[in-house]
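Note that the working numbering gives residue 113 to position 113 of the sequence shown, counting from 1, and the numbers run on in steps of one.
Backbone N, C-alpha and C fix where the C-beta goes; we use that ideal spot for every residue, glycine too.
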Amino acid sequence: MDTTLSREAAGTAPGGRPVERWTLERGGTRVRLLTYGGIVQSVEVPDRSGARGDVVLGLGSAAEYAACRGPYLGALVGRYANRIAGASFTLDGTLYALVPGDGPNCLHGGAEGFDRRVWRAERVPGGVRLTRVSPAGEQGFPGRLAVSATYTLDAAGALAIAYEAAADAPTPVSLTNHTYWNLNGAASGPAVGSHELRLGASRMTPVDAAGIPKGGTAPVAGTRHDFRAARVLDAGHDHNFALDGGADGGERFAAELYAPASGRVLTIRTTEPGIQVFTADSFAPPVPFGPGAGVALETQAFPDAPNRPEFPSAVLRPGERYTSRTTYAFSVR
Ligand code: FUC
Numbered sequence: 001m002d003t004t005l006s007r008e009a010a011g012t013a014p015g016g017r018p019v020e021r022w023t024l025e026r027g028g029t030r031v032r033l034l035t036y037g038g039i040v041q042s043v044e045v046p047d048r049s050g051a052r053g054d055v056v057l058g059l060g061s062a063a064e065y066a067a068c069r070g071p072y073l074g075a076l077v078g079r080y081a082n083r084i085a086g087a088s089f090t091l092d093g094t095l096y097a098l099v100p101g102d103g104p105n106c107l108h109g110g111a112e113g114f115d116r117r118v119w120r121a122e123r124v125p126g127g128v129r130l131t132r133v134s135p136a137g138e139q140g141f142p143g144r145l146a147v148s149a150t151y152t153l154d155a156a157g158a159l160a161i162a163y164e165a166a167a168d169a170p171t172p173v174s175l176t177n178h179t180y181w182n183l184n185g186a187a188s189g190p191a192v193g194s195h196e197l198r199l200g201a202s203r204m205t206p207v208d209a210a211g212i213p214k215g216g217t218a219p220v221a222g223t224r225h226d227f228r229a230a231r232v233l234d235a236g237h238d239h240n241f242a243l244d245g246g247a248d249g250g251e252r253f254a255a256e257l258y259a260p261a262s263g264r265v266l267t268i269r270t271t272e273p274g275i276q277v278f279t280a281d282s283f284a285p286p287v288p289f290g291p292g293a294g295v296a297l298e299t300q301a302f303p304d305a306p307n308r309p310e311f312p313s314a315v316l317r318p319g320e321r322y323t324s325r326t327t328y329a330f331s332v333r
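Listed below in structure tokens is the structure:
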């Protein structure tokens, strides 16, 4: 059986544009997403005993998401996920100034990033495709960018998010989804301390106090960043890991998150070179979740790659096609 799809009106975004909520269901998984910000609002999957529960941190309406922007709950992040130092970069000899926000740096595409936009939705086999055009100069980024994000469920209930983009001028592009996971359920208490994490990363990108890469990558061996073997998720992580495995454009293992209490397992595979692990330590009111309530696992290009020639290139040029795919598979043990 293919994915069951339904849509309903879900209020309006700031500015008055109508928002839709789409529900996708297949193979034991039910996903709700909003056309506002491409937000993954809920993901319900069975626990060890077969009881379905919501394993992401979500809110009710588009207005609630708009008012609670800081954490990027469940959002589609772009045009460039993570930080660009000094909110500027030089490409082909031209200096571009972006909209800062995280101090002097650009974070997650600027003050009005892809997470603040209403996307157009259409049915596709297995799920729904969101599209929008990011005009040239949006938040300071060069070139008009036509973007799509396609959310599908497979027969086993795995969620795939596939991104595509094309530009009419060279531009950095890095798209991700900013869902916070708590496999014991959103209301169960902290994910930190109650989950085990394993990463397919033997190196990470060291950063300064503002989260800006210092340059190059460093081995995780012997540091608190070593998740090569599963271990209990501790607090204090907001770092990008350089994923091991082939650079042939195929998906590689990124992360396995396991909650012993519920038995739920999330396995993430991606075509991206990096994954940011953020343990939500900074959550405080008015964010309606406590510190460590969930963990964000953001597949992405490396932070500040537009200013870091040693990092894998994140530049899309006219005539090329940006493609990125991440799968979130659910199981129990
Ligand atoms: C992650 C972090 C940032 C930020 C954001 C909400 O991407 O890297 O520090 O707090 O989430």
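Where residue i falls: helix, strand or coil (DSSP)
{"i": "E138", "result": "helix"}
{"i": "G53", "result": "strand"}
{"i": "P285", "result": "coil"}
{"i": "G127", "result": "strand"}
{"i": "N82", "result": "coil"}
{"i": "Y65", "result": "helix"}
{"i": "A305", "result": "helix"}
{"i": "Y322", "result": "strand"}
{"i": "H239", "result": "strand"}
{"i": "T327", "result": "strand"}
{"i": "L233", "result": "coil"}
{"i": "R228", "result": "coil"}
{"i": "E310", "result": "coil"}
{"i": "T299", "result": "strand"}
{"i": "V133", "result": "strand"}
{"i": "L316", "result": "strand"}
{"i": "L76", "result": "strand"}
{"i": "V220", "result": "coil"}
Distance between beta carbons of residue j and residue i, contact taken as under 8 Å
{"i": "V332", "j": "D47", "result": "6 Å"}
{"i": "P206", "j": "L243", "result": "Not confirmed; about 16 Å, so no contact."}
{"i": "V40", "j": "N177", "result": "6 Å"}
{"i": "R117", "j": "G37", "result": "7 Å"}
{"i": "L392", "j": "T171", "result": "For the chain, the structure presents residues 1 to 333; residue 392 sits outside this window and is missing."}
{"i": "D381", "j": "R83", "result": "What the structure shows of the chain is the stretch from 1 to 333, and residue 381 is not part of that stretch, so it cannot be assessed."}
{"i": "G86", "j": "V99", "result": "Wrong, their Cβ atoms sit about 12 Å apart, outside the cutoff."}
{"i": "A210", "j": "N105", "result": "6 Å"}
{"i": "T131", "j": "R123", "result": "Between R123 and T131 the Cβ distance is about 12 Å, and since that is not below 8 Å, they are no contact."}
{"i": "F253", "j": "R269", "result": "6 Å"}
{"i": "A67", "j": "A13", "result": "Rounded, the Cβ-Cβ distance is 12 Å, inconsistent with contact."}
{"i": "D115", "j": "Y72", "result": "6 Å"}
{"i": "Y322", "j": "A165", "result": "4 Å"}
{"i": "A146", "j": "V128", "result": "No, A146 and V128 are not in contact; Cβ-Cβ is about 17 Å, not under 8 Å."}
{"i": "G74", "j": "T179", "result": "5 Å"}
{"i": "R7", "j": "R17", "result": "That pair is no contact at about 15 Å."}
{"i": "G216", "j": "E310", "result": "6 Å"}
{"i": "A301", "j": "P312", "result": "7 Å"}
{"i": "P299", "j": "H237", "result": "Checking the sequence shown, residue 299 turns out to be Thr, not Pro. Actually they do not touch by this definition, with Cβ atoms about 15 Å apart."}
{"i": "A314", "j": "S174", "result": "5 Å"}
{"i": "A169", "j": "A136", "result": "7 Å"}
{"i": "F89", "j": "N307", "result": "5 Å"}
Residue i beta carbon near the ligand MN (any heavy atom closer than 6 Å)
{"i": "S194", "result": "Among the ligands present in this structure, namely the ligand FUC, the ligand MN is not found."}
Cβ of residue i within 7 Å of any chain D Cβ
{"i": "S88", "result": "Within the model displayed, chain D is absent; a lone protein chain is all it includes."}
Handout entry: Contact between the segment 180 to 199 and the segment 231 to 250 (3+ Cβ pairs under 8 Å)
Key = By the criterion of at least three beta-carbon pairs nearer than 8 Å, the segment 180 to 199 is in contact with the segment 231 to 250.
**Study point:** Continuous beta strand (DSSP E) assignments of at least 3 residues falling wholly in the segment 142 to 218
**Key:** Secondary structure remark: continuous beta strand (DSSP E) runs of at least 3 residues inside the segment 142 to 218, in chain order: 145 to 153, 159 to 167, 196 to 199.
Using the beta-carbon of each residue, find all residues closer than 7 Å to any heavy atom of the ligand FUC and list them in chain order. Here the residues close to the ligand FUC, judged by CB distance below 7 Å to any of its heavy atoms, are G70, P71, Y72, N82, L107, H108, H178, G211, D238, Q276, F278, S282, A296, E298 in chain order.
query: How about the segment 153 to 163 and the segment 312 to 330: do they share at least three Cβ pairs that are nearer than 8 Å?
result: Yes, they touch.
Just checking, does the segment 212 to 227 make contact with the segment 285 to 296 on the three C-beta pairs under 8 Å criterion? Remark: fewer than three beta-carbon pairs, one from each stretch, lie closer than 8 Å, so the segment 212 to 227 and the segment 285 to 296 are not flagged as touching.
* Asked: Touching or not, the segment 183 to 190 and the segment 88 to 95, by the rule of three or more beta carbon pairs under 8 Å?
  -> Verdict: no, contact absent.
### Message
Taking 8 Å as the cut-off, does the segment 134 to 153 touch the segment 24 to 44 (at least 3 CB pairs, one atom from each stretch)?
### Response
For the pair of segments examined, the segment 24 to 44 was found to touch the segment 134 to 153: the number of CB pairs separated by less than 8 Å reaches three.
| query | In the segment 88 to 120, which residue ranges form an unbroken beta strand (DSSP E) of at least 3 residues, counting only runs that do not cross its ends? | reply | Segments of the beta strand (DSSP E) lying fully in the segment 88 to 120: 88 to 91, 94 to 97.
> Quick one: any contact between the segment 137 to 148 and the segment 31 to 49, if contact means 3 or more CB pairs under 8 Å?
Replying inline: As far as the Cβ criterion goes, the segment 137 to 148 does not touch the segment 31 to 49, which means the pair count is below three.
Identify every run of the beta strand (DSSP E) within the segment 242 to 281, keeping only runs that are complete inside it and at least 3 residues long; order them along the chain. Annotation: the segment 242 to 281 contains the following complete segments of the beta strand (DSSP E) (minimum length 3 residues), in chain order: 252 to 258, 264 to 270, 274 to 278.
Start-end ranges of the beta strand (DSSP E) lying completely within the segment 3 to 52, minimum 3 residues: Within the segment 3 to 52, the complete beta strand (DSSP E) segments at least 3 residues long are 4 to 12, 18 to 26, 29 to 34, 40 to 46, listed from N- to C-terminus.
**Prompt:** Any contact of the segment 288 to 301 with the segment 53 to 67, i.e. 3+ C-beta pairs under 8 Å?
**Reply:** Taking 8 Å as the limit for Cβ pairs, the verdict is that the segment 53 to 67 does touch the segment 288 to 301.
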